[in-house]
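To convert a position in the sequence shown, counted from 1, into the numbering used here, add 5. One structure is given here, and the rest of the page talks about it.
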Amino acid sequence: MLSKIRDMDKVCHVCGKSGAQRHFGGICCAPCKMFFRRNVQYKLENNRCQFGDLCDITKNTRHTCRICRFKKCLAIGMEKELLRASRFQTKTQQVQQSLNVSQSDLFQHDRLLLTSNQWNVLLNVIHDYDQTSPTTQIREFFHRQSTYPPKIRMKLFSEKFSHVFQSIFRSLGSFLERLPEFCTLKLQEKVELLRRHLRNIGRFSGMFLLRKTNLYTSPLHYTSDLYEENLRITHQYDVDETILKLFLVTLVFSTCTDVVQVSSNGKCRSESMNCKNSSLENDPLVLVEDLITIQNVYVDILFKYMLYRYGLHDAVLRFAKMTKTFLDKMCCFVQTEESSRLQNEIIENIRYEIIANFISANKPLQFC
6 MLSKIRDMDK VCHVCGKSGA QRHFGGICCA PCKMFFRRNV QYKLENNRCQ
56 FGDLCDITKN TRHTCRICRF KKCLAIGMEK ELLRASRFQT KTQQVQQSLN
106 VSQSDLFQHD RLLLTSNQWN VLLNVIHDYD QTSPTTQIRE FFHRQSTYPP
156 KIRMKLFSEK FSHVFQSIFR SLGSFLERLP EFCTLKLQEK VELLRRHLRN
206 IGRFSGMFLL RKTNLYTSPL HYTSDLYEEN LRITHQYDVD ETILKLFLVT
256 LVFSTCTDVV QVSSNGKCRS ESMNCKNSSL ENDPLVLVED LITIQNVYVD
306 ILFKYMLYRY GLHDAVLRFA KMTKTFLDKM CCFVQTEESS RLQNEIIENI
356 RYEIIANFIS ANKPLQFC
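Right under this line is the structure:
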């Protein structure tokens, strides 16, 4: 009894969480115990982390890298042999019977591993997004603001926030021009994608950038209800920036990103257009098959990356949560259209500017 009480005061040797006990030969918390049990069959110790086996495993980051977490479990003395062999074997058989393809089989197939070419595409997306991101400028803006008294700070915020907002949407234009698949589209297809998606994708990307710069810690530019709703949705964002950036690219090549809501009088409300024209599927200017082909390339990379980092179960949950977060945000935009009038005007002006330059020059536009 005393030993159990002393064990409860221990800190997990894997992630640092309190209340750890001895499991399978090592001192760890209950979540790390279950993680070890679920992943022991995949032989993760034979794999190498894409980031050089240097991931720092804490209670806040333990979900980011399965390989480093499992190797740390082994390093603190947890032994696979101490698992009850019969119970483990029975559980594995039940899983294999309930699924057409078991998780162990999935991870043994090369088709679920990112190829070298896919890694290059992934890294290029990250690099291009970071190169065009206005994060540094936004942080400098807030740093300068922090040096003023509160009253002056509030006045400057109201005057200067539109510049921050514009930089977010213009940076998205620069990012799109770096995507090889976007550059290969016909002029009419580029214009149509920008006309339909710039508002929604720009705001979704903006939420990510503004969370990074802690803008949502200040409700100065929101009404209270809109602020609370945006804050709630922002906190749902996945902490893995790579997933966010890849998901953003998949949205670019979607046939529709609008959420259409029908009111009690039968009228449609959406972010950019009416019910009849909310999808590209019947648009003669866009080859939908080409868009879906491009989108599938990035969806494949996105999901394989999630499998690599988190495993099948968590990958499915994260993908579903990301999709729900996007839909929640689009619904929030529709419901608060009037209170966002100034932002809508800014977006429309930028969209008109981008499209006008495309049409007049018929060549890649220099946004920044």
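All C-beta atoms in this analysis are idealised placements derived from N, C-alpha and C, irrespective of residue type, glycine included.
DSSP places Ser-23 in no alpha helix (DSSP H) but in the uninterrupted beta strand (DSSP E) bounded by 23-28. Contact check for Ile-81 against Gly-31 passes: the beta carbons are separated by less than 8 angstroms.
With fewer than 16 other Cβ atoms inside 10 Å of its own Cβ, His-168 counts as exposed. Under the 10 Å beta carbon count, Arg-149 is surrounded by fewer than 16 other beta carbons and is classified as exposed.
Only residues of its own chain outside the window of five on either side were considered, and among them Val-19, Cys-20, Cys-73, Arg-74 and Lys-77 have a CB closer than 7 angstroms to the CB of Ile-62, listed in chain order. The straight-line gap separating the alpha-carbon atoms of Phe-308 and Asp-295 is approximately 20 angstroms. Per the DSSP secondary-structure output, Gly-207 pairs with nothing in a beta bridge. Beta bridge pairing from DSSP links Lys-15 with Ala-25. Judged by beta-carbon spacing, Phe-174 lies within the 8 angstroms limit of Ile-355, meaning their Cβ atoms are closer than that value. If only complete runs of 4 or more residues are kept, the segment 170-196 shows the alpha helix (DSSP H) at 185-188, in order along the chain.
The Cβ atoms of Val-304 and Thr-255 lie closer than 8 angstroms to each other. Annotation: the continuous beta strand (DSSP E) that includes Cys-33 extends over 31-33. Residue range 246-257 is occupied by the alpha helix (DSSP H) that includes Val-254.
Of all alpha-carbon atoms in Arg-42, Arg-71, Pro-36 and Gln-46, the one lying nearest the alpha-carbon of Arg-53 is that of Arg-71. If you draw a 10 Å sphere on the C-beta of Ala-320, you find 16 or more other C-beta atoms in it, and that means buried. In chain order, Leu-119, Gln-123, Val-126, Leu-127 and Leu-251 place their CB closer than 8 angstroms to the CB of Ile-306, counting only its own chain and leaving out the 5 sequence neighbours on each side. With a contact defined as Cβ atoms closer than 8 angstroms, Tyr-315 and His-68 qualify at about 7 angstroms.
The straight-line gap separating the alpha-carbon atoms of Leu-192 and Met-311 is approximately 33 angstroms.
One Cα belongs to Lys-48, the other to Leu-317, and the distance between them is close to 15 angstroms.
One alpha carbon belongs to Ser-176, the other to Thr-137, and they sit about 5 angstroms apart. Contact between Leu-190 and Val-257 is absent: CB atoms are separated by about 10 angstroms, not below the 8 angstroms threshold. The beta carbons of Met-327 and Asn-205 sit no closer together than 8 angstroms. In the structure shown, Phe-308 adopts helical secondary structure according to DSSP, grouped into three states.
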